[in-house]
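Q: First the structure, which I've put down as structure tokens, then a few questions once you've had a look.
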Amino acid sequence: MEPTIRLAAASDLTTIHRIEVGSYPDPWPRSIFYLMRGRASDLFLVAEVDGEVVAYSIGEIEWMHGVKVGHVMNIAVVEACRRRGIAGRLLDELESRFRERNAEYSYLEVRVGNDTAQHLYRKRGYRNLGVLPRYYKNEDGIAMEKPLG
Ligand SMILES: CC(C)(COP(=O)(O)OP(=O)(O)OC[C@H]1O[C@@H](n2cnc3c(N)ncnc32)[C@H](O)[C@@H]1OP(=O)(O)O)[C@@H](O)C(=O)NCCC(=O)NCCS
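To convert, note that position 112 of the sequence shown is 142 in this note's numbering; the numbers rise steadily by one, no gaps.
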């Protein structure tokens, strides 16, 4: 079953928050998802399988040292649907939306201990930029980027 990628609706936010809580030791509060949808609604995507939202990704356009970049703020897939290429599909769509907005790079942060996500990003052409000490509450982060050219 192929996932359908579409923009997140306000009515998806409860499900999205449930996926967040099941995916992270220190989940974002629900309020951040409302805020993000208001801020960049065309970069807040969900993946639907059989009419159910099973994953989401959130991006933002930012300026970094005078360069326009796309920031992958969050991506998560419900546990039962992992390893089927859904995160890859969401990243494809986000990156293509970043390109449409003339962003030169896509970048993101990931926990040093999150090997699964690092595999995903490396496979998709992201490279390590460096360690971000104590980026997370109790763990260092790694910054990664991918040129979008
Ligand atoms: C990280 C996450 C989003 C990946 O979602 P997914 O839909 O399972 O990823 P995909 O199926 O698109 O995987 C693509 C590639 O990532 C890598 N990958 C994904 N899961 C992996 C695992 N458990 N172990 C090793 N590599 C893995 C593989 O290279 C995989 O390609 P392959 O299946 O052809 O080998 C998902 O595991 C998740 O929601 N984790 C919890 C939240 C999280 O950590 N988000 C990232 C924060 S930075």
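Glycine included, each C-beta is placed from N, C-alpha and C at the ideal position. Keep in mind it's a predicted model, so treat the numbers as computed, not measured.
Among the candidates Asn132, Ala147, Arg131, whose CA atom is the shortest distance from the CA of Leu138?
A: Ala147
Q: What is the DSSP secondary structure of Gly179, counted as helix, strand or coil?
A: coil
Q: Please classify Gly155: does DSSP put it in a helix, a strand, or coil?
A: The answer is coil: DSSP assigns Gly155 none of H, G, I, E or B.
Q: Under 6 angstroms: does the beta carbon of Ser53 sit that close to some heavy atom of ligand 1?
A: yes
Q: Less than 6 angstroms between the CB of Val140 and some heavy atom of ligand 1, yes or no?
A: yes
Q: Measure from the alpha carbon of Ser71 to the alpha carbon of each residue in Pro163, Gly81, Arg127, Arg154, then state which is nearest.
A: The shortest Cα separation from Ser71 among Pro163, Gly81, Arg127, Arg154 belongs to Arg127.
Q: Should the stretch 109-116 be regarded as contacting the stretch 60-75, the criterion being three or more beta carbon pairs within less than 8 angstroms?
A: no
Q: Counting along the chain, where does the beta strand (DSSP E) carrying Glu139 start and finish?
A: 135-141
Q: Go through the stretch 41-112 residue by residue and report every complete run of the beta strand (DSSP E) that reaches 3 residues or more, in order.
A: 74-79, 82-94, 97-107
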